[in-house]
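A short write-up of the structure that comes next.
Residue numbers (our numbering): 1244 to 1562.
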C-alpha cells in the first residue's frame, strides 16, 4: 500500500531512485558530475540539487519516511559540495582517489637508491609452479573465468572489510565488484548493508551527542543531534522518542513532533511513555479521537495509569 504523504507520486519515485543512485558513490557522482569536474561545475550542480532536495522546500508537509530520505540525499550532496569546493580538502580527496582526478596520476619521481638486499626465500616447489602456471593459462584462455575470479576476490574482500567495520574499504571493493558485474545482486545487497551499518554507527554518535546536549539543557542542539540520529538510523526508537519530546518542549512544527512520536510508538509499541507523549501531541493538535486510541492502549498496559486516565477525560470532554 503506497505511503500517504504530501508528495506527488512522480516526486516520490524520483527521491527513491536518486537516493539509490547515491549509495556508495564518490562525491562527483553524488552530484551527477563527471570525475574531476571543476569547482564552478560543482557549485552549479549543488545549486540545482538544492532547489529540488533542500529539506526547507518541504516544510510543513507530511513526508513520512521520505523526510529521512530527503535529509540523507541533501546531507550527501552538501558533504560532496563542501569537500569539492574547498581547495585543500578537494586536493586531499583526489590524492586518496586519484582515479577521480580526470587525468592520469603523474608517476612519482624518486632518487635512485641501492636495491634492498633480498631476504632468502624458499623456492616454490615444482608442484606449486605447475599449479600456478596452469591456473594462469586457464584464465588467459577463458576471459570469463578471469572475470569471475576477480569478482569473487572483490566480494570476499568486501565482506571481510564489512565484518571488521572498515566501511570505506568495503565500499571501494564492492563498487569495484559492480564495475566488473553491474547486475551482481550480492554486491548491491552488501553495499546496502555497508551503508546501513555505517549510518547506524554515525546515528549512534549523534544520539550520544544529543544526550549530552540535553543534559546541558541545550535543547536546540539536542534536537539537531536527535534529528540526525533519526535520519541516519530510522530504527532508533529512543532517538525518535527524544526528538519528539524535545521538539514539543521547543514548540517546533507540530507535524514534526507527531512524526517523531508516531515513529517512536511504531518502534516500541509497548512502551507507555512513548504512547503518552504521542497522545499529548495529538491533543495539542486537536486530534483527540486518535489520541483516545493510544490512551486506551496505555490503560490496557497499565490500568491504573493516572496520567492516561486524566488525558483520556480531556480527550473525551475537551471543554
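C-beta atoms are modelled at their ideal positions from N, C-alpha and C, and glycine is treated no differently.
Keep in mind that this is a model prediction, so the values were computed, not measured.
Asked                                                                                                                                                                          : Found
In terms of residues, what are the limits of the alpha helix (DSSP H) holding residue 1415?                                                                                    : 1410-1423
What's the gap between the Cα of residue 1351 and the Cα of residue 1503?                                                                                                      : With a pLDDT of 44 at residue 1351, under the threshold of 50, the modelled position of that residue is not reliable, and no figure is offered here.
Can you tell me which of the three DSSP states residue 1329 falls into?                                                                                                        : coil
Can you tell me whether DSSP reads residue 1477 as helix, strand or coil?                                                                                                      : coil
Near residue 1344, which residues of its chain fall below 6 Å by C-beta distance, leaving aside the five closest residues on each side in sequence?                            : 1279, 1337
Relative to the C-alpha of residue 1289, which residue among 1269, 1324, 1255 is closest?                                                                                      : 1324
Report buried or exposed for residue 1416, applying the criterion of at least 16 other Cβ atoms within 10 angstroms of its Cβ.                                                 : buried
With distances taken between CB atoms, is the gap from residue 1554 to residue 1523 smaller than 8 Å?                                                                          : yes
Buried or exposed: which applies to residue 1430, given that a residue is buried once 16 or more other Cβ atoms fall within 10 Å of its Cβ?                                    : buried
Provide the residue span of the alpha helix (DSSP H) that contains residue 1503, from first to last.                                                                           : 1497-1510
Can you tell me whether residue 1350 is helix, strand or coil according to DSSP?                                                                                               : Note that residue 1350 scores a pLDDT of 46, beneath 50, so its modelled location is shaky; the value from the coordinates is reported in the next line. In the structure shown, residue 1350 sits in coil (DSSP, three-state: anything other than H, G, I, E or B).
Enumerate in chain order the residues of its own chain whose CB-to-CB distance from residue 1552 is below 6 Å, with the five nearest sequence positions on each side excluded. : none
With burial defined as no fewer than 16 other Cβ atoms inside 10 Å of the residue's Cβ, what is the status of residue 1492: buried or exposed?                                 : exposed
Using only the heavy atoms of the ligand MG, determine whether one of them is closer than 7 Å to the beta carbon of residue 1301.                                              : Judged by which ligands are present, the structure shown has none, so any question about the ligand MG falls away.
Closest to residue 1409 by CA distance: which of 1285, 1438, 1511 is it?                                                                                                       : 1438
Give me the Cα-Cα distance between residue 1511 and residue 1299, rounded to the nearest whole angstrom.                                                                       : 29 Å
Measure the alpha-carbon distance for residue 1542 versus residue 1514 and round it to whole angstroms.                                                                        : 12 Å
Please tell me whether residue 1451 and residue 1475 are closer than 8 Å, where the distance is taken between their beta carbons.                                              : no
Ignore the nearest five residues each way along the sequence and tell me which others in residue 1471's own chain have a CB closer than 6 Å to its CB.                         : 1449
Could you work out which residue in 1305, 1419, 1306, 1304 is closest to residue 1269 when comparing CA atoms only?                                                            : 1419
What does a CB cutoff of less than 7 Å around residue 1314 pick up in its chain, not counting 5 residues either side in sequence?                                              : 1298, 1474
Looking at the secondary structure, which residues open and close the alpha helix (DSSP H) in which residue 1273 lies?                                                         : 1270-1273
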